[in-house]
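Peer 1: After the structure tokens below, expect a handful of questions from me.
Residue numbers (the working numbering): 74 to 342.
Structure, rendered in structure tokens:
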């Protein structure tokens, strides 16, 4: 056990209710991923337990929406770029509208799987995130990635900000605090809603889910995706990421002062 109290996480949800018979819907926020999204969608559709894939095209200028639709995903299109958090919320809102009108055969509400659009065939390895949630051993699982085959500029200062901020607020030290690949219960999503804007979404999810007394686990996962480079666009991306992470942490520090709650249980599988 890391960052929590006790030994092993108990079976069942935090409220003691079983999680059997609930399936998983994948939400894939993306922008300009026409070359990669088909392989990603096909890999996710092949995951045992996943019965719905929703792609949110967040203002793409290419054919992302058309090829994702052809690959078998439900596709929602933003007319312009609203950011990752907004895209995730759009996807979940679409899913819940379908569930509320019984347009899909499910034992509502579904668990959620958040997937980056550039994983391609490596997304098939996300299967390791599902069992702890489906079996009631965790409320949210987070993929920890191996070293990436594509060299990038790195974002160590953003990682340090995120890791230190999460530890300060919850007592837990995350290995990869910015990992976006996560499986979580509907209850965990609601605990973190509204999501932290932009690139602060992952840090906000972790802090909010733990602050709600729920269980978080990091799970090693063999994934490969595109990393930001050392060029100007890569530097701009990291600056925006730092800004959004800082804002997410600052808001949660203020909230913690106002409503101090015991953190949940964090662990690694």
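We put the CB at the ideal spot given by N, CA and C, even for glycine.
Alpha carbon to alpha carbon, how far is residue 330 from residue 182? Give it in angstroms, no decimals.
Peer 2: Translated into the one-based positions of the chain shown, residue 182 becomes position 109. Translated into the one-based positions of the chain shown, residue 330 becomes position 257. Straight-line Cα distance between these residues: approximately 32 Å.
Peer 1: Taking 8 Å as the cut-off, decide whether the C-beta atoms of residue 126 and residue 146 are in contact.
Peer 2: In the chain shown, the residue the question calls residue 126 occupies position 53. In the chain shown, the residue the question calls residue 146 occupies position 73. Their beta carbons are under 8 Å apart, which means residue 126 touches residue 146 by this criterion.
Peer 1: Over the uninterrupted alpha helix (DSSP H) stretch that includes residue 230, give me the two end residues.
Peer 2: On the chain shown, residue 230 is found 157 positions in, with the first residue counted as 1. That run of the alpha helix (DSSP H) goes 229–243.
Peer 1: Would the beta-carbon of residue 190 fall within 8 Å of that of residue 106?
Peer 2: Within the chain shown, residue 190 is the residue found at index 117, counting from 1. Within the chain shown, residue 106 is the residue found at index 33, counting from 1. It is a contact, given that the beta carbons lie within the stated cut-off.
Peer 1: Entirely within the segment 110–151 and at least 4 residues each: give me those alpha helix (DSSP H) ranges in chain order.
Peer 2: Fully enclosed alpha helix (DSSP H) runs of 4 or longer: 110–118, 137–143.
Peer 1: Give the DSSP-derived three-state secondary structure of residue 259 in the structure shown.
Peer 2: Residue 259 sits at position 186 when you count from the first residue of the chain shown. Residue 259: helix per DSSP, three-state reduction.
Peer 1: Ends of the alpha helix (DSSP H) at residue 275?
Peer 2: Numbered from its first residue, the chain shown carries residue 275 at position 202. Residue 275 -> alpha helix (DSSP H) spans 274–284.
Peer 1: Excluding five sequence neighbours on each side, which residues of the same chain lie with their C-beta closer than 7 Å to the C-beta of residue 201?
Peer 2: Residue numbering aside, residue 201 sits at position 128 when the chain shown is read from its first letter. Correct list, in chain order: 292, 294.
Peer 1: Which one or two residues does DSSP pair with residue 291 in a beta bridge?
Peer 2: Indexing the chain shown from 1 puts residue 291 at position 218. According to DSSP, residue 291 bridges with 215, 341.
Peer 1: If residue 136 and residue 104 are in contact, beta carbons under 8 Å, what's the gap, nearest whole angstrom?
Peer 2: As a working note, residue 136 is residue 63 in the chain shown. As a working note, residue 104 is residue 31 in the chain shown. That belief does not hold up - the Cβ atoms of residue 136 and residue 104 are roughly 12 Å apart, past 8 Å.
Peer 1: Are residue 344 and residue 290 touching if we call contact CB-CB under 8 Å?
Peer 2: Examination of residue 344 is not possible in this model, given that the chain is present from 74 through 342 alone.
Peer 1: If contacts are defined as beta-carbon pairs under 8 Å, then residue 321 and residue 276 qualify, I think. What distance do you get, rounded to the angstrom?
Peer 2: As a first step, residue 321 is located in the chain shown; it is residue number 248 there, counting from the start. As a first step, residue 276 is located in the chain shown; it is residue number 203 there, counting from the start. That belief holds up - the Cβ atoms of residue 321 and residue 276 are roughly 5 Å apart, short of 8 Å.
Peer 1: Tell me the residue span of the alpha helix (DSSP H) that contains residue 167.
Peer 2: One-based indexing of the chain shown puts residue 167 at position 94. 157–173 is the extent of the alpha helix (DSSP H) around residue 167.
Peer 1: How far does the beta strand (DSSP E) with residue 182 in it reach, from first residue to last?
Peer 2: Translated into the one-based positions of the chain shown, residue 182 becomes position 109. Per DSSP, residue 182 belongs to no beta strand (DSSP E) and is neither H nor E.
Peer 1: Less than 8 Å between the CB atoms is what I'm expecting for residue 199 and residue 257, so what's the real figure, rounded?
Peer 2: For the purposes of this step, residue 199 is taken as the residue at position 126 of the chain shown. For the purposes of this step, residue 257 is taken as the residue at position 184 of the chain shown. About 13 Å; that fails the 8 Å criterion.
Peer 1: Under 8 Å, do residue 247 and residue 279 count as touching if we go by C-beta distance?
Peer 2: Within the chain shown, residue 247 is the residue found at index 174, counting from 1. Within the chain shown, residue 279 is the residue found at index 206, counting from 1. Yes, Cβ-Cβ distance for residue 247 and residue 279 is below 8 Å.
Peer 1: With DSSP run on the structure shown, which of helix, strand or coil describes residue 98?
Peer 2: Position 25 of the chain shown, counted from the start, is the residue given in the question as residue 98. The answer is strand: DSSP assigns residue 98 an E or B state.
Peer 1: Tell me which residue opens and which closes the alpha helix (DSSP H) that residue 203 is part of.
Peer 2: As a first step, residue 203 is located in the chain shown; it is residue number 130 there, counting from the start. 203–207 is the extent of the alpha helix (DSSP H) around residue 203.
Peer 1: Relative to the C-alpha of residue 267, which candidate in 195, 166, 171, 243 has its C-alpha closest?
Peer 2: For the purposes of this step, residue 267 is taken as the residue at position 194 of the chain shown. Selected option, being the one with the closest Cα: 166.
Peer 1: Give a single yes or no on whether residue 256 has its beta carbon closer than 7 Å to a heavy atom of the ligand PLP.
Peer 2: With respect to the ligand PLP, the structure shown offers nothing to examine, as it has no ligands at all.
Peer 1: When you compare only the Cα positions, how much space is there between residue 102 and residue 157?
Peer 2: Walking along the chain shown from the start, residue 102 turns up at place 29. Walking along the chain shown from the start, residue 157 turns up at place 84. Each residue's Cα considered, the two are about 6 Å apart.
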